[in-house]
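Residue numbers are given in numbering that gives the first Met the number 0: position 313 of the sequence shown equals residue 312, and the series is strictly consecutive. Glycine is no exception: its CB is placed at the ideal position from the N, C-alpha and C atoms. Nothing here was measured: the structure is a model prediction, and the numbers come from that model. Heads up: the structure comes next, in structure tokens.
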Amino acid sequence: MNKRKINTFPLKIAVLGHKTIPSRQGGIEIVVEELTVRMAKLGHKITVYNRNGHHVSGKEFDEKKLKEYKGIRMKYVPTIDKKGLAAMSASFFAAVAAAFGKYDVVHFHAEGPCAMLWLPKLFGKRCIATIHGLDHQRAKWGKLASTYIMLGEKCAVKFADEIIVLSEGVQNYFKETYGRDTKFIPNGVNRPVIRKAELIDKKFGLKKDDYILFLGRLVPEKGITYLIEGFKNVKTDKKLVIAGGSSDTDEFANQLKEMAKDDDRIIFTGFVQGQLLDELYSNAYIYSLPSDLEGMSLSLLEAMSYGNCCLVSDIDECASVVEDKAIIFKKSNVADLQSKLQEACEDAQQVQKYKDEAAGYICEKYNWDDVVERTLELYRR
0 MNKRKINTFP LKIAVLGHKT IPSRQGGIEI VVEELTVRMA KLGHKITVYN RNGHHVSGKE
60 FDEKKLKEYK GIRMKYVPTI DKKGLAAMSA SFFAAVAAAF GKYDVVHFHA EGPCAMLWLP
120 KLFGKRCIAT IHGLDHQRAK WGKLASTYIM LGEKCAVKFA DEIIVLSEGV QNYFKETYGR
180 DTKFIPNGVN RPVIRKAELI DKKFGLKKDD YILFLGRLVP EKGITYLIEG FKNVKTDKKL
240 VIAGGSSDTD EFANQLKEMA KDDDRIIFTG FVQGQLLDEL YSNAYIYSLP SDLEGMSLSL
300 LEAMSYGNCC LVSDIDECAS VVEDKAIIFK KSNVADLQSK LQEACEDAQQ VQKYKDEAAG
360 YICEKYNWDD VVERTLELYR R
């Protein structure tokens, strides 16, 4: 009786480390929204600490600041809106607020923000860290930011009550590097509504099954250069659509456009959301994620949930997700990527086989309600 009462008692939870919700500025923002909205529906008192700066893809995407969102209390913290400083400054002020607030649990998302995890811990809060990927390995960060991210990783190891990781590879890293046990709780995915090619036809001239899609942040570790280089040598009338905004990486985004300028089959859409995003997923011939480094890609889960044939690199964070339900190429190997693209463009029957299997498989394997239940168990321990 007592145990049941403890397990159902509403918790006061603070969440920080993301940019802002609701938004699709990155995978972390989607994860935070999915978790907190569901937890609020279960009766828990949730406060999220959002950044105060502009949208990462440009201020034209800024949205109205909300005080409340689907039962979640929204707070905005001071943010130095410059590359490398936004996450640092926002997580500092959010951690201070969380330390002095009346919370049972403070949940940090991403490595860098965990540099401040010791502070709410000092004030007696139960602190949980979700490591979405080994962020210090990302090419976009300079020396200062990388050093700060490593500090966050070490603070999480030393002070967090529980560390959540999204892949077995990262779980092994923490065990081998620090001797620290972590909890493997992957992301979830929802069943989407499939849309016809209407807006994408008007805006970009895209029809059902006439393009290969990359959808994600334009950052070096996503392997987009391999995709462009490989695609340019594929004999096909299909287009290559690069959808997504830069993330402190405008210079890299410009390099990609320079690479693609002599091939009119390659289309850059910029940052996408809403109906445009749904239609791009719904009508792709192939979705490709050629990454060198991932945490756990939400765009890959989403692409499969829309019933896409996916082509991914053989890194564990991709291969363990798709298993035998997608096409896999050797990481960083442009020739192998090109060969797999060419084969797929010529074999519509095989592509359709992967499409038919994708959605049912991924939606059964990764469920948000299960993720929430397992996360709440860690909160209560």
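**Prompt:** At which residue ranges does the stretch 244-285 contain complete alpha helix (DSSP H) runs of 4 or more residues, listed in the order of the chain?
**Reply:** Residue ranges of uninterrupted alpha helix (DSSP H) with 4 or more members, entirely inside the stretch 244-285 and ordered along the chain, are 249-259, 273-282.
**Prompt:** Going along the chain, which residues of its own chain have a beta-carbon closer than 7 Å to the beta-carbon of Lys4, five neighbours each way excluded?
**Reply:** Any reading at Lys4 must be qualified, since the residue scores a pLDDT of 39, below 50, and its modelled position is unreliable; the value itself is stated next. There are no such residues.
**At least three beta-carbon pairs within less than 8 Å, the stretch 283-298 to the stretch 205-216** = By the Cβ rule, the stretch 283-298 counts as touching the stretch 205-216, because three or more pairs are nearer than 8 Å.
**Message:** Which runs of the alpha helix (DSSP H) at least 4 residues long sit entirely within the stretch 85-148? Give them in chain order.
**Reply:** Counting only runs that start and end inside the stretch 85-148, the alpha helix (DSSP H) elements of at least 4 residues fall at 85-99, 117-121.
**Prompt:** Thinking C-alpha only, which one of Ile163, Val156, Ala114 is nearest Ala144?
**Reply:** Between Ala144 and the set Ile163, Val156, Ala114, the nearest pair of CA atoms involves Ala114.
**Prompt:** How many Å lie between Ile241 and Ala302 at the Cα?
**Reply:** Cα to Cα, the separation comes out at about 14 Å.
**Asked** For the candidate residues Lys202, Glu167, Phe267, whose alpha-carbon lies nearest to that of Ile227?
**Response** Checked all of Lys202, Glu167, Phe267; the closest Cα to Ile227 is Phe267.
**Message:** Residues in the same chain with beta-carbon distance under 6 Å from Glu356, minus the five sequence neighbours each way, listed in chain order, please.
**Reply:** Around Glu356, the same chain offers Lys324 as residues with beta carbons nearer than 6 Å, after the five sequence neighbours per side are excluded.
**First through last residue of the beta strand (DSSP E) which encompasses Glu161** = Annotation for Glu161: the continuous beta strand (DSSP E) segment containing it runs 161-164.
**Message:** If the criterion is Cβ atoms closer than 8 Å, does the pair Cys317 and Ser290 meet it?
**Reply:** Yes; because the gap between Cβ atoms is below 8 Å, this pair is in contact.
**Message:** Is the separation between the beta-carbon of Lys125 and that of Asp368 shorter than 8 Å?
**Reply:** Per the sequence shown, the amino acid found at residue 125 is Arg instead of Lys. Contact: no.
**Message:** How far does the beta strand (DSSP E) with Phe213 in it extend, from its first residue to its last?
**Reply:** Phe213: member of the beta strand (DSSP E) spanning 210-214, first to last residue.
**Item:** Member of Ala358, Leu198, Lys153, Phe203 whose CA lies at the smallest distance from the CA of Arg179
**Value:** Measuring from the Cα of Arg179, the nearest candidate turns out to be Lys153.
**Message:** Restricting to runs no shorter than 3 residues, where is the beta strand (DSSP E) found entirely within the stretch 280-328?
**Reply:** Note on the stretch 280-328: whole beta strand (DSSP E) runs with a minimum of 3 residues are 285-288, 309-312, 326-328, in chain order.
**Asked** Among Gly26, Glu197, His43, which residue has its Cα nearest to the Cα of Tyr378?
**Response** The residue from Gly26, Glu197, His43 with its alpha-carbon nearest to that of Tyr378 is His43.
**Pair within 8 Å by beta-carbon distance, Lys69 and Ala39** = In contact: Lys69 and Ala39 (Cβ atoms closer than 8 Å).
**Request:** Give the secondary structure of Asn49 by DSSP, where H, G and I count as helix, E and B as strand, and everything else as coil.
**Result:** Strand.
**Prompt:** Closest to Lys195 by CA distance: which of Asp277, Asn232, Ser298, Asp80 is it?
**Reply:** The shortest C-alpha separation from Lys195 is found at Asp277.
**Item:** Local Cβ density within 10 Å of Leu217, reported as buried at 16 or more and exposed below that
**Value:** Leu217 is buried by the Cβ-count criterion.
**Item:** Nearest-angstrom Cβ-Cβ length linking Ile163 and Ala128, presumed shorter than 8 Å
**Value:** Their Cβ separation, rounded to whole angstroms, is 7 Å, which keeps Ile163 and Ala128 in contact under 8 Å.
**Prompt:** Leaving out five residues before and five after Cys362 in sequence, what residues of the same chain have Cβ atoms less than 7 Å from its Cβ?
**Reply:** Counting only Cβ-Cβ distances below 7 Å, and skipping sequence neighbours, we find Val188, Arg190, Ser304.
**Item:** Where Glu197 falls: helix, strand or coil (DSSP)
**Value:** Glu197: coil per DSSP, three-state reduction.
**Asked** Can you name the start and end residues of the alpha helix (DSSP H) that Met379 belongs to?
**Response** The residue you asked about is not Met; residue 379 is Arg in the sequence shown. Element bounds for Arg379: 367-379.
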